[in-house]
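The numbering of the sequence shown is my numbering, which starts it at 14 and goes up by one.
Here's the structure, in structure tokens; my notes come after.
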Amino acid sequence: MAPAIAATRFEGNWTKMAQRKAAAAKHKGVMAKDGVSANDAAPPKDRRRERGEASVQRIIDATIELIAEEGLASVTMQRIAEHVGSSNALVVFHFGSKENLFRAVLQYLSDRYDELWVTLVRAPGLSPVERLLGAVNCAQNFARQHPKWVSVFVVFSSDRKSMQIYNEIGLPSDLAYTAEARELLIEISRSGGYTGIDIDTLSESLNYLVHGAWYWDHLNPRGRDTNVLRKTMLLLLHQAFPRHFELMR
């Protein structure tokens, strides 16, 4: 299969899958609003489509596991197929190339982190302090609940060949989270009447802590269940805003 054709098929399949999920969620919400259960009004399931989506997810999950355990160099389409228990042709059919598969993996993980960030940081009614604490919790909870996901992020961002993919998919989100945290720091400083706070250094320091902790947890998995990351982030925040953040005991 030519690379251009493979990429087109992958992008088309991935886009259609996302569109179907969005349409299904919208349909479910409309039916619930009208007092009709989604089960009563839902059209017959497309078994072939469901099998295809499940197959895609199994391949992504297998790729995550292999990358987390062995890095990128030894991961091939054939090894992924063997890990999933399917044929190499099926992996190629869904993704076209290893690069497309790696992009899908990184996009999947980025989406999962964004979902947690939205839940903990952007929930309605939260104060700036609560939102910033949500950002602290997001970094720690994600690493604790999904250590292999964090390992894949670390591998992608530290391998020269995959760094371009990370810069296209992961880095923009990282920069956006840092910018959002910076705005929260500005608001807390302004509303709290604090002066002389180096907001830029503080926001970058929090970002460094997260990425440094994730990298260390990847190298030293035995230490990932500690509260060092949260304690250190709260220490920095307490030093800057002592009336708004308490030290963790």
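In this text, a Cβ means the ideal position worked out from N, Cα and C, and glycines have one as well.
So is residue i buried or exposed if we call it buried at 16+ other beta carbons inside 10 Å?
{"i": "Gln252", "result": "exposed"}
{"i": "Asp238", "result": "exposed"}
{"i": "Gly147", "result": "buried"}
{"i": "Lys46", "result": "Low confidence applies to Lys46: its pLDDT is 41, below 50, so where it sits in the model is not reliable enough to give any reading."}
{"i": "Tyr221", "result": "exposed"}
{"i": "Leu119", "result": "buried"}
{"i": "Gln91", "result": "exposed"}
{"i": "Arg64", "result": "exposed"}
{"i": "Ala117", "result": "buried"}
{"i": "Gln70", "result": "exposed"}
{"i": "Leu260", "result": "exposed"}
{"i": "Asn180", "result": "exposed"}
{"i": "Ala86", "result": "exposed"}
{"i": "Asn113", "result": "buried"}
{"i": "Ala81", "result": "buried"}
{"i": "Gln158", "result": "exposed"}
{"i": "Gln153", "result": "buried"}
{"i": "Val165", "result": "buried"}
{"i": "Asp213", "result": "exposed"}
{"i": "Ser175", "result": "buried"}
{"i": "Asp124", "result": "exposed"}
{"i": "Trp149", "result": "Rather than Trp, the amino acid found at residue 149 in this sequence is Val. With 16 or more Cβ atoms within 10 Å of its Cβ, Val149 is classed as buried."}
{"i": "Ala156", "result": "buried"}
{"i": "Leu188", "result": "exposed"}
{"i": "Gly109", "result": "buried"}
{"i": "Val131", "result": "exposed"}
{"i": "Asp59", "result": "exposed"}
{"i": "Leu79", "result": "buried"}
{"i": "Asp211", "result": "exposed"}
{"i": "Leu232", "result": "exposed"}
{"i": "Gly206", "result": "exposed"}
If you follow the alpha helix (DSSP H) that residue i is part of, which residue opens it and which one closes it?
{"i": "Ala94", "result": "90-97"}
{"i": "Arg144", "result": "141-158"}
{"i": "Gly65", "result": "60-83"}
{"i": "Arg125", "result": "111-134"}
{"i": "Leu260", "result": "Premise fails: Leu260 is in no alpha helix (DSSP H) and is neither H nor E."}
{"i": "Phe108", "result": "101-108"}
Just to check my reading of the structure: residue i and residue j have Cβ atoms closer than 8 angstroms, yes? What is that Cβ distance to the nearest angstrom?
{"i": "Leu197", "j": "Arg144", "result": "6 angstroms"}
{"i": "Ile72", "j": "Ile93", "result": "6 angstroms"}
{"i": "Ile199", "j": "His257", "result": "At roughly 13 angstroms, the Cβ-Cβ gap does not stay under 8 angstroms, so Ile199 and His257 are not in contact."}
{"i": "Glu167", "j": "Tyr126", "result": "It is Val, not Glu, that sits at residue 167 in the sequence shown. Going by Cβ atoms, the distance from Val167 to Tyr126 rounds to 13 angstroms, so no, they are not a contact pair."}
{"i": "Ala194", "j": "Ser170", "result": "Going by Cβ atoms, the distance from Ala194 to Ser170 rounds to 19 angstroms, so no, they are not a contact pair."}
{"i": "Val97", "j": "Ala67", "result": "Between Ala67 and Val97 the Cβ distance is about 11 angstroms, and since that is not below 8 angstroms, they are no contact."}
{"i": "Leu122", "j": "Trp162", "result": "5 angstroms"}
{"i": "Ala226", "j": "Leu242", "result": "4 angstroms"}
{"i": "Pro255", "j": "Pro160", "result": "So it is not a contact: roughly 33 angstroms between Cβ atoms."}
{"i": "Cys151", "j": "Leu133", "result": "5 angstroms"}
**Item:** Complete alpha helix (DSSP H) runs within the region 199-240 (minimum length 4 residues, chain order)
**Value:** Runs of the alpha helix (DSSP H) lying entirely within the region 199-240, each at least 4 residues long, are 212-232 in chain order.
**Prompt:** Which ranges does the alpha helix (DSSP H) cover as unbroken runs of at least 4 residues, wholly within the region 158-203, from first to last along the chain?
**Reply:** DSSP assignment within the region 158-203 yields the following whole alpha helix (DSSP H) runs of 4 residues or more, N-terminal first: 160-171.
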